[in-house]
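These notes are about the structure you will find just below.
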Amino acid sequence: MGSDRPYRKKLNKDKILNELKDQSGKQFDPEVVKALISVLDREREE
């Protein structure tokens, strides 16, 4: 998602997070999405 592809440009961080949240429980494991968001939130706080 964060890399350019022949069929689309890379997504910014906000769009990636929105896509992960939207697809949580469908395409992505909800526990993994929750853990990733938690790590990213902690990094932002530092």
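In case it helps, the UniProt record's numbering puts the sequence shown at residues 1 to 46. Beta carbons are placed, not taken as given, at the ideal position from N, Cα and C, and that holds for glycine.
| query | result |
| --- | --- |
| Where S24 sits in the DSSP three-state scheme | strand |
| Distance CB(K13)-CB(D4) smaller than 8 Å | no |
| S38: first and last residue of the uninterrupted alpha helix (DSSP H) it sits in | P30 to E45 |
| E34 versus M1: straight-line alpha-carbon distance, rounded | Reading off the sequence, residue 34 comes out as Lys, not Glu. For K34 and M1, the distance between alpha carbons rounds to 18 Å. |
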